[in-house]
Structures are given as C-alpha cells and as structure tokens.
Amino acid sequence: MTSKQKLFYFISLHRTGLTVALFCVFILLLPLVTDNPYTLGVTNLIAIHAIVVLGLNLFIGYAGQISLGHAAFFGLGAYGSAIATVNYELSPWLAMLLLAFIVAFVALLIGVPALRLSGHYLAMATLGLNFVFHIIALQWDSLTGGPSGFAGIQPLSIGEFEFYDEVRLHYLIWIITLICLLLSLNLVRSGVGRGMAALAGDQTAAAALGVDTARTKIKVFVLSAVFASIAGSLFAHTYMFVSPDTFNIFKGTEFAIMVVIGGMGSVWGSLLGAAFLTILPEWMDAFETYKDFVHGGILVLVLIFLPQGLITGLVENIKIRLTLRRQKNAASE
Amino acid sequence: MLRLNNVSKNFGGLPALSNVSVEVPEGKLTALIGPNGAGKSTLINCITGVIPPSEGEILFRGENIAAMPPHLIRRSGIARTFQNLKTFPRLTVLDNVLTGLSCEGGSSMLMAMLRLPYLRTRERQLKLRALEALDRFSLSGKAKWPATALPYGDKKRVELARATVGNPHLLLLDEPVAGLNADETAAVGEQLKRLRSEGLTMLLVEHDMDLVMTIADQVVVLDSGKCIASGTPDEVRRNPLVLEAYLGKMDATA
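Sequences listed follow chains A and B, in order.
According to the working numbering, the first sequence is numbered sequentially starting from 1.
According to the working numbering, the second sequence is numbered sequentially starting from 334.
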C-alpha cells in the first residue's frame with residue numbers, strides 16, 4: 001500500500017472514532033468562535049434535547065418500537081430534581097443520579113405491561129402516559145407549583161464553581177451529551193445493538209436468531225427513559241424553573257418527530273434532528289402559532305417519502321444506488 | 334436428535350396437526366413433504382416455538398422444548414431459515430450474518446455501552462467467523478452491501494449463512510429453493526450436501542421433488558395434518574398413500 005492508501009484505510013477503519021474526535025473539537029472551540037449568550041443558549045437546548053432523542057432513537061429506530069410519551073420521563077427528571085433539591089435539599093448531582101434510578105424503575109413498571117402492545121396501541125399508551133404526567137404536574141399544586149410552575153432551582157455546581165452562565169453550561173451539558181452519544185454509538189455497534197436492529201427489522205426472525213425480544217424491548221425502553229430523565233434534570237438546573245407545559249403531549253410528539261427527522265436508527269441523525277427542530281422556532285416567528293401544523297406536515301411528508309427518516313433515508317438511498325451502480329459497472333466490464 | 338411425540342395443533346378447533354410423530358436422526362437430512370396446507374410450516378413453527386403446540390412433546394437431545402420461547406430454542410441449538418425471506422434489508426450482508434451470532438449472547442447492554450476491551454476482541458472474533466461463513470456461501474465480495482441490493486438468490490444464501498454461522502445442532506430449512514432457477518437450486522443442493530457431510534442434522538421442507546429425492550436420507554410425508562408415510566425416498570415414492578395424497582384417489586374403474 002502507498003502511504004495515501006494507508007491513510008484512507010486508517011480513516012475508514014476508525015471513521016467513527018475520528019468523527020467523534022472532530023465533533024469534540026468543534027464543541028470545545030465553539031464558545032471561542034461565538035460567546036453570544038443567545039446562540040449558546042440555543043445550542044445548549046439542542047444538547048439537552050439531543051440526550052432525549054439519542055435514547056428515544058435507540059427505542060424507535062433500533063428496537064423498532066414507538067413512544068410519543070418520552071416528555072413524561074423528561075418531566076419526571078426535571079420536576080424530580082427540582083423537588084429533591086429545593087424541598088429536600090439534596091445535592092443536585094445526587095438527585096440527578098437518584099432520579100435516574102427512580103425513572104428506570106418507573107419505566108420498568110410501565111414498560112412490562114405496555115410493551116406487550118405494539119404499533120398504534122403502544123403509541124396511544126405512551127401518549128396516555130404523557131397526558132397523565134402533564135395533568136399531575138398541573139394539578140398537584142402543593143408539590144409541583146401547579147400551572148405557575150416551580151421556581152427557585154439552584155444551578156449545578158462543582159465545589160464553588162457554579163454552572164450558571166451560558167459558556168460554563170455549554171461545556172457541562174455538551175460533555176454529558178457527548179458521553180451519551182458515545183454510549184449509544186458503542187451500543188449500536190455491539191452484538192446487543194445488532195440484536196436490536198434485528199428486532200426492528202423483523203421480530204419473528206430476531207427471536208429465531210436467539211434474540212430475547214421481550215427483554216430487549218424493555219431494556220431499551222428503560223435505557224431511553226433514563227437518558228430522558230438525565231436530560232430533564234439538566235434542564236431544570238439550566239433554566240432554574242420548570243412548568244407543566246414544557247412536558248405536555250406536544251413535547252412528547254416533538255421528540256418523536258426529532259427522531260424521524262434525524263433518521264430512525266441513526267445515532268448522528270439524532271443530533272441533527274434535535275438541532276433542526278430546536279432551531280426552527282428560533283428562526284421563524286410565525287412558527288410558534290402554526291407549530292403543530294408544521295410539525296404534522298413534516299412528519300407526514302417524511303414518513304410518506306422517506307419512511308426511514310430524513311437523514312438516514314437520504315443516506316441509505318445513496319448507498320443503495322452506489323452499490324447497484326458498482327454492480328452494473330462490474331457486470332459490463 | 335429431534336423427536337416429536339403425538340404433536341397436535343388446533344387453530345380455534347380446526348386441527349392443523351393431529352398426533353404427528355416424527356424422528357429426525359442425527360447427522361441425516363430428513364425431508365418433510367406434503368401437499369399445500371398439509372401442515373408443514375405449522376410443524377416448523379411448532380418446533381421453533383413460534384406457535385406452541387396444543388398437545389404432545391418435542392424432544393430435542395432429550396429435553397422437551399415444546400413450551401420454550403423461540404430465542405431459547407435457538408440457543409439450545411435449533412436454527413432455521415424462512416420460507417418468505419427474512420433478511421434485514423437495511424443491514425449490510427456482513428451485519429445480517431452477524432445477527433446469526435445473537436444466540437451466543439455474551440454481553441449485557443451495560444457492558445456493550447462501555448465497550449470494554451474484551452468485547453472488542455470478541456467482536457473481532459465474531460466478525461472473522463461471519464466472514465468465514467460468507468466465504469462458504471460465496472458471498473465474500475458482497476460483505477459491505479446493503480442486503481436489500483442483493484438479487485433474490487443471494488438473499489437466500491445470506492439466510493443460510495446467517496442460520497449456520499452459530500454452529501447449530503439442527504437446521505430447519507423452510508423451502509430453501511423456492512423461486513430459484515435450476516442452476517441456483519443445484520448449487521443450494523450441493524451446499525446442503527456439504528453441510529451434511531460436516532455432520533449437521535437437517536430437516537428440509539421442500540416442494541421441489543427432484544431435490545428432495547436426490548439429497549434426502551429420509552422422507553416424511555404429511556397430509557391434512559397427519560403423518561401418512563415415512564421412509565427412504567424410494568419407499569415413499571412407491572407408497573400408494575403418498576400417490577393418493579398428491580394425485581388424488583385412484584378411480585377403481587380407471
């Protein structure tokens with residue numbers, strides 16, 4: 001091999017690692033390029049959403065299930081952290097960890113019966129879950145503050161170092177997002193991940209290959225709920241205020257739409273999906289009014305024309321075209 | 334190796350299988366034939382746990398697997414291919430074959446997320462085995478292809494590679510040559526013979542009689558959910574009950 005070929009081989013062999021490294025450098029340098037608090041505020045929100053979407057994409061894109069109710073787990077993390085740190089004066093980090101365990105347990109309790117369902121039924125069950133959570137957050141005034149929300153949450157801190165301005169939050173949130181990204185990448189590239197992909201492809205075939213389909217579904221559901229809960233805790237400490245409408249059923253569907261836009265079964269697509277739907281309302285003022293129309297419209301268009309999701313769908317179509325063209329060229333030679 | 338004792342399956346009172354007893358001897362290729370609707374696919378689905386039988390026992394290496402879920406049956410050593418292709422179109426050919434090693438488990442979700450060094454080594458070993466399996470079915474050149482881009486015959490071979498990569502004790506083949514042309518059928522026949530020579534026990538459901546009669550050691554005939562004959566291909570070919578099942582009742586006056 002020439003040195004050029006060696007270089008290309010090295011790149012193709014370590015392409016995932018190199019992409020992650022490049023992305024880390026980008027994140028590291030971003031605050032040096034722009035320290036505009038507004039811009040960093042948006043990218044921080046993207047990072048928080050991305051954590052939820054990464055987990056949800058494992059559930060929707062890899063395990064082939066559907067959930068429209070992950071805003072409930074996001075909200076449990078957020079309200080849980082708020083209540084634990086303000087009412088019970090727990091350390092925020094400990095609260096975050098504790099909440100992750102509690103949410104895992106809640107997801108397990110819900111998942112065991114709910115995941116016997118599939119398709120529309122599972123979509124309705126998860127939507128119902130989100131609805132119930134929203135009502136509780138709205139009505140249980142004494143604990144959640146009711147419709148006016150829960151204020152007075154402290155920012156996260158390490159010793160005396162408090163994460164309250166956008167630049168500090170940028171590093172904190174993105175480090176956690178990157179860890180979640182790495183964990184997801186590792187998972188999908190493992191044997192367990194292939195079992196999940198098999199499950200999404202065909203449940204009967206996956207079971208016949210030795211994949212424990214029922215358990216895998218529940219495990220991925222619990223994992224995605226834990227991701228959402230961590231994102232929720234971060235959300236609470238970042239904005240120092242939570243209110244019920246942030247976690248309503250529209251938020252739940254929004255997360256699912258982020259997965260669909262980014263591409264089902266694409267870890268990197270999760271970041272893009274989260275970014276796209278977080279930035280969109282910032283760009284268009286009229287968006288807030290017609291939000292549900294735009295969301296619904298995007299969802300319908302993507303599902304009709306690229307059922308695998310926008311980004312994955314495009315990439316996969318190109319891959320198949322290239323393979324077929326290469327095959328044709330090889331045949332004509 | 335596999336023994337079915339009086340297996341019955343009713344679908345809402347309608348008997349699909351009634352008191353079927355079949356023996357699949359070790360190292361042999363047993364063919365299961367019968368007219369459409371005879372219950373062949375139901376039998377395969379009973380053995381693999383997709384549809385648990387209503388009655389009877391299914392003994393695999395001495396253990397009753399009749400009530401076990403499909404993934405445990407695969408882990409106990411029974412692999413299968415599907416009549417209508419069930420390759421995963423979005424995965425590459427190599428990844429399709431790698432899913433055939435899911436039966437070996439070996440890592441939890443948490444371990445997989447941390448990608449510990451021992452898992453990387455294991456992953457390399459699994460990949461080598463999958464590549465070897467692709468090579469055996471002359472698919473090595475297409476390892477990186479998305480499975481959906483493969484022609485039909487190649488997809489069938491991907492299923493065979495995926496089913497055998499995990500070294501099962503028993504392989505159930507549900508119409509492996511349906512839809513293949515004569516050359517491709519002959520090639521699959523050769524591959525099945527090779528697998529048998531390597532000691533793999535097989536149960537083959539097939540409509541292609543030429544293939545069945547040339548490669549089977551033993552033939553079992555199902556008709557309307559009942560086992561009506563079994564024996565060597567020659568014995569079965571001459572059995573009047575079998576002729577009747579396939580051609581209809583002989584008219585006495587004819």
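Positions of the beta carbon are idealized from the N, C-alpha and C atoms, including for glycine.
Computed from a prediction, not measured in an experiment: that's the story for all the values here.
- Taking a 10 Å sphere around the C-beta of Gln551 of chain B, we find 16 or more other C-beta atoms and assign the residue as buried.
- Assignment of alpha helix (DSSP H) within the segment 121 to 177 of chain A, counting only whole runs of 4 or more residues, yields 141 to 144 in chain order.
- Scanning chain B for C-beta atoms nearer than 9 Å to the C-beta of Gly309 of chain A yields nothing, as the closest lies near 11 Å away.
- Annotated three-state conformation of Ala562 of chain B is strand, per DSSP.
- In the structure shown, Phe241 of chain A adopts extended strand secondary structure according to DSSP, grouped into three states.
- Within chain A, Ala205 have C-beta atoms less than 7 Å from the C-beta of Phe415 of chain B, given in sequence order.
- Using a Cβ-Cβ cut-off of 7 Å, Leu187 of chain A counts as an interface residue toward chain B, since at least one Cβ of chain B sits closer than that to its own.
- In this structure, Gly389 of chain B lies away from Asn343 of chain B, with their beta-carbon atoms at least 7 Å apart.
- Lys328 of chain A is outside the set of residues whose beta carbon lies under 7 Å from a beta carbon in chain B.
- Val242 of chain A counts as buried, since at least 16 other C-beta atoms from the protein chains shown sit within 10 angstroms of its C-beta.
- Under the three-state reduction of DSSP output, Thr454 of chain B falls in the helix class.
- Following the DSSP letters along the chain, one finds Met258 of chain A inside the alpha helix (DSSP H) bounded by residues 249 to 262.
- For Met284 of chain A, the number of other beta carbons within 10 angstroms of its own is below 16, and it is reported as exposed.
- Around Thr39 of chain A, no beta-carbon contact reaches into chain B at under 9 Å, the shortest distance being about 31 Å.
- The C-beta of Val33 of chain A comes no closer than 7 Å to any C-beta of chain B.
- Pairing Leu505 of chain B with Gly522 of chain B gives a Cβ-Cβ distance that is not under 7 Å.
- Each of A:Ile298, A:Glu288, A:Gly265, A:Met240 was checked against the Cα of Val315 of chain A, and the nearest Cα belongs to A:Gly265.
- By the Cβ neighbour-count rule, Val538 of chain B is buried, with 16 or more other Cβ atoms within 10 Å of its own.
- With a threshold of 7 Å between beta carbons, Met446 of chain B makes contact with chain A.
- Identification of chain A residues near Ser374 of chain B by a Cβ-Cβ cut-off of 7 Å yields none; the smallest Cβ-Cβ distance measures about 12 Å.
- Glu390 of chain B has B:Asn338 as its beta-bridge partners, per DSSP.
- Taking a beta-carbon distance threshold of 7 Å, Ile218 of chain A does not count as an interface residue toward chain B.
- For the options A:Lys291, A:Leu138, A:Phe163, A:Val300, the alpha carbon positioned closest to that of Gly41 of chain A is the one of A:Phe163.
- Interface residue (Cβ-Cβ distance to chain B less than 7 Å): Lys4 of chain A is not classified as such.
- Within chain B, the residues whose beta carbon sits less than 9 Å from that of Ser190 of chain A are Ser440, Met442, Met444, Ala445, Met446, Arg448, Leu452, Glu456, listed in sequence order.
- Contact between the segment 130 to 140 of chain A and the segment 246 to 258 of chain A is present: 3 or more CB-CB pairs across the two stretches fall below 8 Å.
- Ser224 of chain A sits buried, since 16 or more C-beta atoms from the chains shown fall within 10 Å of its C-beta.
- Interface annotation, Leu13 of chain A: not in contact with chain B, CB-CB separation never under 7 Å.
- Legend: CB atoms of the segment 262 to 288 of chain A lying less than 8 Å from CB atoms of chain B belong to residues Gly265.
- Counted as a single uninterrupted DSSP element, the alpha helix (DSSP H) harbouring Thr323 of chain A occupies residues 310 to 332.
- Under the Cβ criterion (8 Å, minimum of three pairs), the segment 175 to 192 of chain A does not count as touching the segment 69 to 87 of chain A.
- Relative to Ala520 of chain B, the option among B:Glu356, B:Arg469, B:Glu568 whose CA is nearest is B:Arg469.
- Contact between Phe421 of chain B and Asp202 of chain A holds, with the beta-carbon distance rounding to 7 Å and staying under 8 Å.
- Legend: CB atoms of the segment 366 to 392 of chain B lying less than 7 Å from CB atoms of chain A belong to residues Thr381, Val383.
- Per DSSP, reduced to three states, the secondary structure at Gln551 of chain B is strand.
- Contact between the segment 223 to 240 of chain A and the segment 144 to 159 of chain A is present: 3 or more CB-CB pairs across the two stretches fall below 8 Å.
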